[in-house]
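Here the structure is laid out as structure tokens; the discussion comes afterwards.
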Amino acid sequence: MRYIIGTRGSALALAQSEQVRTLLQNTYPQHSFTLQIIATKGDLQQHVALDQMDAKGIFVKEIEEALLAGKIHMAVHSLKDMPTQLPKGLCFTKTLLREDARDVFISRTKTTFHELGPQAKIGTGSKRRKVQLMKLRPDISVVGIRGNVDTRLRKMEEQQLDGIVLAAAGLKRLQVQGISYEYFPYTSMIPACGQGALAIEVKEQDTTLLTMINALANTHIDQEIQIERTFLQAIDGGCHTPVGAHCKITEKEIVFDALYGNEDCSKMCDLHWRRPLTDAQQLPFEAAKYLIKAVQSHE
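According to this note's numbering, the sequence shown is numbered sequentially starting from 1.
In structure tokens, the structure reads:
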């Protein structure tokens with residue numbers, strides 16, 4: 001059987017999809033797996049800020065349409081870009097791969113984040129990162145930038161920004177050389193829900209493919225992802241509101257960090273919980289309820 005994997009055309013998307021393709025090809029050598037590039041609205045409108053676009057799923061709609069039409073058999077996405085509601089007839093497989101979920105600070109002048117001077121200019125296109133940067137350093141200025149990793153690095157130089165914030169996962173998957181970066185702890189820069197994880201989307205009715213892929217799942221990682229995604233769905237967050245979460249399940253407890261803010265970024269609340277393993281099912285709902293109430297009480 002020849003399976004076609006749909007993917008965006010950026011270097012990072014191709015690196016991620018190739019990682020999945022290689023895993024599947026090595027595991028199931030009796031089949032062939034090939035990539036097909038599909039352009040999305042988010043790729044074509046790089047000049048528009050994310051929070052000014054009118055829909056969730058701006059990086060995936062065209063790919064999902066190809067999947068539903070039978071032009072591809074599966075699609076690989078960055079899970080953090082995926083809306084919580086999928087089109088009818090589509091579903092995710094269990095999670096196979098997750099890279100480092102942390103955000104990193106890249107300095108143009110080799111300065112650490114806390115050594116930056118007042119009014120330093122930091123580039124990011126994310127409201128989630130913006131509100132946390134302003135909480136950590138209310139004396140700095142946040143500048144909106146978009147684009148792939150290379151584009152953002154170039155804009156940092158062209159616009160003379162003091163630094164930018166990127167996901168560690170992208171830098172590692174692209175094997176970016178020649179730059180140094182500083183990791184933000186999960187407690188001070190909470191990542192996007194599912195950050196670093198790859199989502200594989202298939203047709204619900206394609207049970208053969210679902211079974212093949214799910215057999216390779218990392219059950220531990222998949223459970224952490226489910227808690228983060230359930231929180232995102234419960235809080236109904238997307239590109240227009242700052243929202244993030246990170247879950248780590250140890251042998252003894254669940255460590256859960258999450259944040260939520262209003263659309264204009266004037267209010268933001270976070271939480272850092274440690275809960276028993278038996279709380280896994282209700283934890284994301286309790287966290288969403290707590291943060292919504294906390295933000296509303298500040299308005």
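In this text, a Cβ means the ideal position worked out from N, Cα and C, and glycines have one as well.
Runs of beta strand (DSSP E) wholly within the segment 203-272 (minimum 3 residues, chain order): Counting whole runs of 3 or more residues, the segment 203-272 contains the beta strand (DSSP E) stretches 243-249 and 253-261.
Go to Y181, then tell me how far its beta strand (DSSP E) extends in each direction, as first and last residue. First-last for Y181: undefined, no H or E at that position.
Given this structure, state the Cα-to-Cα distance separating R129 from N262, to the nearest angstrom. If I take the Cα positions, the gap works out to 14 Å.
Segment limits, alpha helix (DSSP H) that includes Q16: A11 to T27
Can you tell which of K41, L24 and F33 has the C-alpha that lies nearest to the C-alpha of R2? For the residues K41, L24 and F33, the minimum Cα distance to R2 belongs to F33.
If you reduce the DSSP assignment to three classes, tell me which class D54 lands in. Its pLDDT being 49, under 50, D54 is placed unreliably in this model, and the value from its coordinates should be taken loosely. DSSP places D54 in coil when its eight states are reduced to three.
Just the C-alpha distance for E228 and K155, rounded to the nearest angstrom, thanks. 31 Å
Please give me, in chain order, every unbroken run of the beta strand (DSSP E) with length at least 3 that falls completely inside the segment 147-183. 163-167
In DSSP terms, what S297 is bridged to: The partner list for S297 (beta bridge, DSSP) is empty, contrary to what the question assumes.
N-terminal and C-terminal residue of the beta strand (DSSP E) that A66 is part of: Careful: A66 lies outside any beta strand (DSSP E), inside the alpha helix (DSSP H) at K61 to L68.
Within 10 angstroms of its Cβ, does L291 collect 16 or more other Cβ (buried), or is it exposed? buried
Distance between beta carbons of D103 and L166, contact taken as under 8 Å: 7 Å
Look at the alpha carbon of H246 and the alpha carbon of H114, and state the distance between them as a whole number of angstroms. So the two alpha carbons sit approximately 23 Å from each other.
Can you list, in chain order, the residues of its chain with a C-beta nearer than 7 Å to that of P284? Leave out the 5 residues immediately preceding and following it. I227, T230, F231 and A234
Which of helix, strand or coil DSSP assigns to E286: helix
Nearest-angstrom beta carbon gap, V76 and L198 [assumed within contact, 8 Å]: 6 Å
DSSP on L90, reduced to helix/strand/coil? strand
Using DSSP bridges, identify the partner residues of H77. A199
Report all residues from its chain with a CB closer than 8 Å to the CB of S188; omit the five preceding and five following residues, and keep chain order. Q132 and L136
Does the segment 202-220 touch the segment 85-99, meaning 3 or more C-beta pairs lie closer than 8 Å? The segment 85-99, when compared against the segment 202-220, does touch it at the 8 Å Cβ threshold.
So L225 packs on G194, CB below 8 Å; how close in whole Å? Checking the sequence shown, residue 225 turns out to be Ile, not Leu. Contact between I225 and G194 holds: their C-beta atoms lie close to 6 Å from each other, under 8 Å.
For the ligand GTP, is there a heavy atom less than 7 Å away from the beta-carbon of S107? For the structure depicted, the ligand GTP is absent and the ligand set is empty, with no information on it obtainable.
Apart from the five residues just before and just after D54, which ones in its own chain have a Cβ nearer than 6 Å to its Cβ? In this predicted model, D54 has a pLDDT of only 49, less than 50, meaning its place in the structure is not dependable; the value taken from the coordinates is given anyway. Closer than 6 Å at the Cβ level, and outside the excluded window around D54, lies no residue.
For my contact list, G196 and R274 are in at a C-beta cut-off of 8 Å; report their separation, rounded to the angstrom. Wrong, their Cβ atoms sit about 21 Å apart, outside the cutoff.
Separation of E18 from N26, as counted between CA atoms: 12 Å
Considering only their Cβ atoms, is the gap separating A15 from L171 smaller than 8 Å? Result no, Cβ atoms of L171 and A15 do not sit closer than 8 Å.
From G89, L23, G6 and L79, pick the residue whose C-alpha is nearest to that of K203; which is it? G89
Closest to D150 by CA distance: which of V176, Q160, G163 and L161 is it? With distances taken between Cα atoms, D150 lies closest to V176.
Roughly how many angstroms separate the alpha carbons of K127 and D257, rounded to a whole number? 17 Å
Quick one: is D139 buried, meaning 16 or more other Cβ sit within 10 Å of its Cβ, or exposed? exposed
Figure out for me which residue from V295, A101, H73 and R152 has the closest Cα to the Cα of T207. H73
Closest Cα partner of E182 within the set I63, Q223 and T109: T109
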